[in-house]
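Colleague: Each residue of the sequence shown is one higher than the last, beginning at 138 in the working numbering. The beta carbon of each residue, even a glycine, is placed where N, CA and C say it ideally should be.
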Amino acid sequence: MQSSAKTVADYLASLPEERRTAISAIRDVILANLDSDFEEGMGYGMISYHVPHRVYPPGYHCNPKDPLPYVCLASQKNHMAVYLMSVYGDPKLLAWFTDAWKKTGKKLDMGKSCLRFKKLDDVALEVLGETIRRVPAGKYIAQYEALLKPSGSRTSGTAASAKTKSSGKQPKAAGGKQPAKPRKTGAAGQSKQPSKKSGAARKRP
138 MQSSAKTVAD
148 YLASLPEERR
158 TAISAIRDVI
168 LANLDSDFEE
178 GMGYGMISYH
188 VPHRVYPPGY
198 HCNPKDPLPY
208 VCLASQKNHM
218 AVYLMSVYGD
228 PKLLAWFTDA
238 WKKTGKKLDM
248 GKSCLRFKKL
258 DDVALEVLGE
268 TIRRVPAGKY
278 IAQYEALLKP
288 SGSRTSGTAA
298 SAKTKSSGKQ
308 PKAAGGKQPA
318 KPRKTGAAGQ
328 SKQPSKKSGA
338 ARKRP
């Protein structure tokens, strides 16, 4: 259920009192544990915690005009939810998260990245806070780019231009591919034609 609110304050004000109290408490936990390179705002009709373009210029690969999302917090029709993208992209963090949550005795209602709850008491706040704290912006960017590599979703060199304050290093290109080498030319400066025997163009590197 997406909201048309333009600010976090407007979003919170639009919620019923019980949900506003719960969402505000979760928000406080997120902000208390959030790396300073992340920013809070509105995105996709939810409260968003993201890597701004000043830290990661390439932005989100689905829409580079959007900053890279990290955590989202929302009041949905039948539940409230925290979307933890870092947990979705890190099997080791997911294993730690589920184990730590289980030890609290609270029931875990979770999809791939969506932590669902109906009341504040359903949430293991200490586990949530530690999950946020474990992944600063630099680490999250590296994780995000590693996930993109197999699909080649981003061209080489785009992500390498981004520098983060938390790491101080250039992230590696997500695609990891090098530009194609120029074709060799004959004595007259013309490109060589493929062999007539093969009848097909030779693959370029």
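So is SER173 buried or exposed if we call it buried at 16+ other beta carbons inside 10 Å?
Modeller: Residue mapping note: residue 173 aligns to position 36 of the sequence shown, counting from 1. The residue is exposed, with fewer than 16 neighbouring Cβ atoms inside 10 Å.
Colleague: Where does CYS209 land, buried or exposed, given buried means 16+ other C-beta within 10 angstroms?
Modeller: Counting from one through the sequence shown, the residue named residue 209 turns up at place 72. Answer is buried; the Cβ neighbour count reaches 16.
Colleague: Note down the Cα distance separating LYS244 from PHE234, rounded to an integer number of angstroms.
Modeller: Position 107 of the sequence shown holds residue 244. Position 97 of the sequence shown holds residue 234. Taking the straight line joining both Cα atoms gives about 13 Å.
Colleague: Of the residues ILE167, MET183, ASP203, ASN170, which one's Cα is nearest the Cα of ASP147?
Modeller: On the sequence shown, position 10 is the one that residue 147 refers to. ASP147 has its Cα closest to that of MET183, out of ILE167, MET183, ASP203, ASN170.
Colleague: Cutting at 6 Å between CB atoms, please list the residues of its own chain near SER140, excluding the five before and the five after it.
Modeller: For the purposes of this step, residue 140 is taken as the residue at position 3 of the sequence shown. The residues are TYR148, GLY182.
Colleague: Around the C-beta of SER151, are 16 or more other C-beta atoms found within 10 angstroms, so that it is buried, or is it exposed?
Modeller: Against the sequence shown, residue 151 aligns to sequence position 14. Exposed, because fewer than 16 other Cβ atoms sit within 10 Å of the Cβ of SER151.
Colleague: For the beta strand (DSSP E) holding SER151, just list the boundary residues, first then last.
Modeller: Residue 151 sits at position 14 when you count from the first residue of the sequence shown. Premise fails: SER151 is in no beta strand (DSSP E) and is neither H nor E.
Colleague: How many Å lie between MET222 and GLY242 at the Cα?
Modeller: Taking the sequence shown and counting its residues from 1, the one referred to as residue 222 is at position 85. Taking the sequence shown and counting its residues from 1, the one referred to as residue 242 is at position 105. So the two alpha carbons sit approximately 24 Å from each other.
Colleague: Which partner residues does HIS190 have in the DSSP bridge list?
Modeller: Residue 190 sits at position 53 when you count from the first residue of the sequence shown. HIS190 is not bridged to any residue.
Colleague: If you follow the alpha helix (DSSP H) that PRO228 is in, where does it begin and where does it stop?
Modeller: Numbered from 1 along the sequence shown, position 91 holds the residue referred to as residue 228. That run of the alpha helix (DSSP H) goes 228-240.
Colleague: What are the uninterrupted segments assigned as alpha helix (DSSP H) that are 4 or more residues long and contained completely in the segment 161-230, given in chain order?
Modeller: Runs of the alpha helix (DSSP H) inside the segment 161-230: 222-225.
Colleague: Taking the continuous beta strand (DSSP E) assigned at ARG271, which residues delimit it?
Modeller: On the sequence shown, residue 271 is found 134 positions in, with the first residue counted as 1. Taken as a continuous stretch (DSSP letters only), ARG271 belongs to no beta strand (DSSP E), as it is neither H nor E.
Colleague: Could you tell me whether any Cβ in chain D is nearer than 8 Å to the Cβ of TRP233?
Modeller: In the structure shown, chain D cannot be found, because there is only a single protein chain.
Colleague: Drop a sphere of 10 angstroms on the beta-carbon of GLY196, count the other beta-carbons inside from all chains shown, and report buried for 16 or more, exposed for fewer.
Modeller: If you number the sequence shown from 1, residue 196 lands on position 59. Classification for GLY196: buried.
Colleague: To the nearest whole angstrom, what separates the beta carbons of ARG270 and ALA218, a pair I think is in contact under 8 Å?
Modeller: Here residue 270 corresponds to residue number 133 of the sequence shown, with the count starting at 1. Here residue 218 corresponds to residue number 81 of the sequence shown, with the count starting at 1. About 20 Å separates the two Cβ atoms, so there is no contact after all.
Colleague: If we count the other Cβ atoms within 10 Å of its Cβ and call it buried at 16 or more, is GLY248 buried or exposed?
Modeller: Counted from its first residue, the sequence shown places residue 248 at position 111. Burial call: exposed.
Colleague: Of the choices TYR220, GLN213, LYS214, ASN215, whose alpha-carbon is the least far from that of TYR207?
Modeller: Counting from one through the sequence shown, the residue named residue 207 turns up at place 70. The option with the nearest alpha carbon to TYR207 is TYR220.
Colleague: Would you kindly work out how many angstroms separate the C-alpha atoms of HIS198 and ILE278, rounded to a whole number?
Modeller: The sequence position of residue 198 within the sequence shown is 61, counting from 1. The sequence position of residue 278 within the sequence shown is 141, counting from 1. Rounded to whole angstroms, HIS198 to ILE278 spans 12 Å at the Cα level.
Colleague: Would PRO204 be called buried (16 or more neighbouring beta carbons within 10 Å of its own) or exposed?
Modeller: Counted from its first residue, the sequence shown places residue 204 at position 67. Flag for PRO204 reads buried.
Colleague: Using a Cβ-Cβ cutoff of less than 7 Å, which residues in the same chain neighbour ARG156 once the five nearest sequence positions on both sides are dropped?
Modeller: What you label residue 156 is simply residue 19 of the sequence shown in a count that begins at 1. Excluding residues within five positions, the ones whose Cβ falls inside 7 Å are SER212, MET217.
Colleague: Indicate the three-state DSSP secondary structure (helix, strand or coil) for LEU252 in the structure shown.
Modeller: Against the sequence shown, residue 252 aligns to sequence position 115. The answer is strand: DSSP assigns LEU252 an E or B state.
Colleague: Do ILE163 and VAL260 have their beta-carbon atoms positioned less than 8 Å apart in this structure?
Modeller: Position 123 of the sequence shown, counted from the first residue, corresponds to residue 260. Position 26 of the sequence shown, counted from the first residue, corresponds to residue 163. Against a cut-off of 8 Å, the Cβ pair of ILE163 and VAL260 comes out as a contact.
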